[in-house]
Amino acid sequence: GYALRAKDTYGASPSNPVELKVIGEVDVNVDPEEVPSLKPYTAVKVATGSPLPKGSDAVIMYEDVEHLNDKILVYKPLPQWANVARIGEDFRGGDLIVSKGTVLGPWHIASLASYGFSKVLVYERIKVAVIPIGSEVIKPSMPKPLRKGVYDSTSYLIKSFLSIKGYFNVSRLDPIPDDLSIIKSIISKALESFDIVITCGGTSVGERDLTYSAIKDLGDFIPLFRGVAIRPGRPVSAALAGGKLVFMVSGFPVAALATLDLILMPSIKLVLGVKEVDEPVVKAKLVKRLVNVVGYTSYFRVRVFRCGSELCVEPLRLTGSGILSTLIRGNGVVIIPPNVEGYDVGTYVKVKLIGPIL
Numbered sequence: 007g008y009a010l011r012a013k014d015t016y017g018a019s020p021s022n023p024v025e026l027k028v029i030g031e032v033d034v035n036v037d038p039e040e041v042p043s044l045k046p047y048t049a050v051k052v053a054t055g056s057p058l059p060k061g062s063d064a065v066i067m068y069e070d071v072e073h074l075n076d077k078i079l080v081y082k083p084l085p086q087w088a089n090v091a092r093i094g095e096d097f098r099g100g101d102l103i104v105s106k107g108t109v110l111g112p113w114h115i116a117s118l119a120s121y122g123f124s125k126v127l128v129y130e131r132i133k134v135a136v137i138p139i140g141s142e143v144i145k146p147s148m149p150k151p152l153r154k155g156v157y158d159s160t161s162y163l164i165k166s167f168l169s170i171k172g173y174f175n176v177s178r179l180d181p182i183p184d185d186l187s188i189i190k191s192i193i194s195k196a197l198e199s200f201d202i203v204i205t206c207g208g209t210s211v212g213e214r215d216l217t218y219s220a221i222k223d224l225g226d227f228i229p230l231f232r233g234v235a236i237r238p239g240r241p242v243s244a245a246l247a248g249g250k251l252v253f254m255v256s257g258f259p260v261a262a263l264a265t266l267d268l269i270l271m272p273s274i275k276l277v278l279g280v281k282e283v284d285e286p287v288v289k290a291k292l293v294k295r296l297v298n299v300v301g302y303t304s305y306f307r308v309r310v311f312r313c314g315s316e317l318c319v320e321p322l323r324l325t326g327s328g329i330l331s332t333l334i335r336g337n338g339v340v341i342i343p344p345n346v347e348g349y350d351v352g353t354y355v356k357v358k359l360i361g362p363i364l
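What the sequence shown shows, in our numbering, is residues 7 to 364, in sequence order.
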């Protein structure tokens with residue numbers, strides 16, 4: 007474009023263009039001290055990123071002028087500082103570009119690079135092992151006997167859920183049977199290599215639910231909690247073993263998702279000081295009543311849709327913590343606190359979106 011004095015263009019129009027004499031040209035490699043100064047009704051050809059000539063306070067784009075040898079015709083007035091990047095318009099001296107605990111996105115990295123930072127100190131990604139437990143659990147690539155066993159889906163859900171966060175390095179182990187010695191051995195080895203161990207399955211209080219006992223037997227055991235008043239996902243437990251966090255969730259995928267969303271992720275963010283944008287939340291009008299059991303935090307799967315000029319929400323299911331179709335058909339979650347009995351039809355509720363509104 008051309009650097010010029012904005013006031014020289016005042017009154018310019020298609021029928022009354024302003025004529026400016028081009029007195030020089032500068033590019034990004036020119037020393038600012040060597041850039042020519044502007045006099046009234048003169049202009050200097052400039053490149054993107056080049057220093058602004060003294061006396062100029064606006065730039066007109068190359069395609070917006072008519073070229074006449076060593077002159078240009080300007081057909082419109084320019085405001086002061088048009089097309090000029092001014093000092094301090096982005097960040098000013100002393101501004102904090104990125105604060106500690108920020109999960110770096112493309113815009114953070116670009117901002118750092120724009121100020122000459124090629125490297126920054128970051129925390130190592132949290133190493134997580136996901137271990138499915140249960141003699142009935144079968145690896146998806148293996149053949150499943152008729153009417154026997156269940157394919158492992160929960161460990162895949164957990165790994166995917168954590169991996170998209172960007173600050174986890176997640177490894178999913180193969181299913182292990184309900185055998186106390188095997189469970190202890192696998193978890194013990196995982197604790198040597200990973201920061202967090204998440205088990206799925208074997209968390210209830212039945213004879214074959216051995217996970218909690220196995221971890222307790224490892225020694226250096228500090229229980230954090232066992233069982234939480236949430237639906238689904240009540241059997242969830244957590245403990246420290248050898249100074250590492252072990253998070254024990256249900257083998258049912260929806261229950262596991264609820265406990266990850268409501269307990270594990272908020273805890274990790276709090277402890278590590280992670281600053282991250284949460285999922286979008288919208289308000290929508292209920293088309294069916296939502297009923298809660300007082301004393302429980304409930305994680306309802308719902309479908310949000312457009313109804314006229316507003317959003318409506320249809321509850322899909324609370325029970326059936328293994329029914330994944332509700333997450334496929336739905337696109338949101340309504341979380342009801344333990345002191346609320348439910349919400350009537352027509353009530354506007356907050357919905358955390360987990361998918362697009364179609």
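Just so you know, even glycine gets a beta-carbon here, dropped at the ideal spot from N, CA and C.
The continuous alpha helix (DSSP H) containing Tyr162 extends over residues 160-169. Between the region 15-24 and the region 72-86, the count of Cβ pairs shorter than 8 Å is three or higher; the stretches touch. Sequence-distant Cβ neighbours of Glu347 in its own chain, meaning closer than 8 Å and more than five residues away, are Val297, Asn298, Val300. By the criterion of a C-beta distance shorter than 7 Å, Pro259 is surrounded in its chain by Ser159, Thr160, Leu163, Gly328, Leu330, once the five residues flanking it on both sides are discounted. Spanning the alpha carbons of Gly336 and Phe306 requires a straight line of approximately 10 Å. With respect to the C-alpha of Val287, the residue from Arg11, Phe227, Lys356, Ala220 having the closest C-alpha is Lys356.
Residue pairing by DSSP places Phe200 opposite no residue, since no beta bridge is assigned to it. Among the bridge pairs identified by DSSP, Lys250 is matched with Ala247. Between Asp180 and His114, the alpha-carbon positions lie close to 37 Å from each other. For Val260, the three-state secondary structure derived from DSSP is helix.
For Ile192, the secondary structure class from DSSP, reduced to helix, strand or coil, is helix. Note on Gly207: 16 or more other CB atoms within 10 angstroms of its CB, so buried under the neighbour-count rule.
Straight across, the Cα-Cα distance linking Glu320 with Val283 is about 26 Å. Rounded to the nearest angstrom, the gap between the Cα atoms of Pro229 and Leu333 is 32 Å. Note: Phe231 is bridge-paired with Ala244 in the DSSP secondary-structure output. For Val339, there is no enclosing alpha helix (DSSP H); the enclosing beta strand (DSSP E) covers residues 338-342. The C-alpha of Lys195 lies about 56 Å from the C-alpha of Gly55.
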